[in-house]
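Protein chains: 2
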Amino acid sequence: MAATIFAEKTETRLDNAERLCAAHGSRLTDLRRQVLGLVLEAARPVGAYDLLDGLRADKKGAAPPTVYRALDFLLEEGLIHKIERLSAFVGCTHTLDGSHAEAGHPHAAQFLICTGCGQVTELDDHGILHALIDATRQIGFTVHHSTVEAEGLCAACRDAATA
Amino acid sequence: MAATIFAEKTETRLDNAERLCAAHGSRLTDLRRQVLGLVLEAARPVGAYDLLDGLRADKKGAAPPTVYRALDFLLEEGLIHKIERLSAFVGCTHTLDGSHAEAGHPHAAQFLICTGCGQVTELDDHGILHALIDATRQIGFTVHHSTVEAEGLCAACRDAATA
DNA sequence: CCAAATATGTTACATTATAACGTGTCTTGA
DNA sequence: TCAAGACACGTTATAATGTAACATATTTGG
Ligand SMILES: [Zn+2]
Ligand SMILES: [Zn+2]
Ligand SMILES: [Zn+2]
Ligand SMILES: [Zn+2]
Chain R
1 MAATIFAEKT ETRLDNAERL CAAHGSRLTD LRRQVLGLVL EAARPVGAYD LLDGLRADKK
61 GAAPPTVYRA LDFLLEEGLI HKIERLSAFV GCTHTLDGSH AEAGHPHAAQ FLICTGCGQV
121 TELDDHGILH ALIDATRQIG FTVHHSTVEA EGLCAACRDA ATA
Chain W
164 MAATIFAEKT ETRLDNAERL CAAHGSRLTD LRRQVLGLVL EAARPVGAYD LLDGLRADKK
224 GAAPPTVYRA LDFLLEEGLI HKIERLSAFV GCTHTLDGSH AEAGHPHAAQ FLICTGCGQV
284 TELDDHGILH ALIDATRQIG FTVHHSTVEA EGLCAACRDA ATA
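Heads up: the protein sequence lines correspond to chains R and W, in order.
Going by our numbering, the first sequence opens with residue 1, and the numbers climb by one from there.
Going by our numbering, the second sequence opens with residue 164, and the numbers climb by one from there.
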């Protein structure tokens, strides 16, 4: 127990996550809830070992498998995403805020990584997804999962750079 | 010296690569040529440490930085690509076979990873790229580099599965 | 040839991720 | 109620991937 209390907004999203899990028979345990909370509180993608450090504030002897297992669960549930180019994790904007229809399992998304400020924006753009599906279907390839990540500058950082 | 001799087709592609480098003032040294050869001979994406093992057939005491530096060079030249989801590398189909206009620097591409046979296909699909550019421009994000990787089944593996 | 730039060698280490096995906890049906 | 099984978590050890830092060698241009 003694789970850390997060900011109110985070707790609300955690409650949403808990409902989403319950809705299809999986459990957002205290541990998983805490790892998800740590991901959500971070303004930017968080590495597994940063999460481990965060966990250790509560649970002294926590080890890597603890956090990796929680992350695997959260990925399966579509509650977080892994940013491959950063080996780091972000909360899913779609499942946790609005009540997205596709919640409860991993979903296709696209990520914009700003190399200026480090922030990552999640897109759910049908155009990109369809272009990918179209291109692959032409050569008989069936897509099960897609990774789309763009690095560049967000609007704020670009303006700061040209000023 | 004593650089390994590769299959004739590979040597041809290596010669192409050497010309591409020379054309804009960089050098495909023996070491880089050998690493590129090892990548090209592999039917599938190769990890850095597999390449290191390959290198050691010639150069007994080779160490990780040797292969990572060669890989960095080859990536810069657009001669290979890194598949992020596999932490592995493939030769670029476009720059090494036909003489692609964009050769000599990294370029946007998309990769189809077959989870059945492990083979990776490189696409250079304008539709996907444009969909990405369009979606990002709408929110003021400027893309410098993109990673697009799809996992699924190639035509052959899908047919084998349904049979 | 000499100096600068480039490329490689070498040692040590950092970061990310998983295997394997033991322990607790919860459920559920006999 | 209570065993049996499933699930979650703890713990130890190690695998796999990637870099920092500094020394040496090779190439290039003057
Ligand atoms: Zn999402
Ligand atoms: Zn930014
Ligand atoms: Zn390419
Ligand atoms: Zn296949």
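All residues carry an ideal CB built from backbone N, CA and C; glycine is no exception.
- Here DSSP, grouped into helix, strand and coil, assigns Gly91 of chain R to strand.
- Taking C-beta atoms under 8 Å as the contact rule, Leu249 of chain W and Ile291 of chain W fail to qualify, at a distance of about 20 Å.
- A distance below 6 Å between beta-carbons, with the five flanking residues on each side excluded, links Cys117 of chain R to the following residues of its chain, in chain order: Cys157.
- Taken through DSSP and simplified to helix, strand or coil, Glu151 of chain R comes out as strand.
- His268 of chain W and Gly241 of chain W have their C-alpha atoms roughly 5 Å apart.
- Proximity of Glu41 of chain R to chain W, defined by a Cβ-Cβ separation below 8 Å, is not satisfied.
- The region 173-180 of chain W and the region 200-212 of chain W touch, with no fewer than 3 CB-CB distances between them shorter than 8 Å.
- Taking C-beta separations shorter than 8 Å and ignoring five residues to either side along the sequence, the partners of Ser309 of chain W in its chain run Ala271, Leu292 and Leu295, following chain order.
- The residue from R:Glu18, R:Thr121 and R:Phe111 with its alpha-carbon nearest to that of Glu84 of chain R is R:Phe111.
- Relative to ligand 4, the beta carbon of Gly267 of chain W is positioned no closer than 7 Å to any heavy atom.
- Cβ-Cβ separation between Arg44 of chain R and Val120 of chain R: approximately 7 Å, consistent with a contact (criterion under 8 Å).
- Judged by DSSP in its simplified three-state form, Thr278 of chain W adopts coil rather than helix or strand.
- Contact holds between the region 181-200 of chain W and the region 231-241 of chain W, because three or more Cβ pairs, one in each stretch, are under 8 Å apart.
- Restricting attention to alpha helix (DSSP H) runs no shorter than 4 residues, the region 30-99 of chain R encloses them at 30-41, 48-56, 64-76 and 93-96, ordered along the chain.
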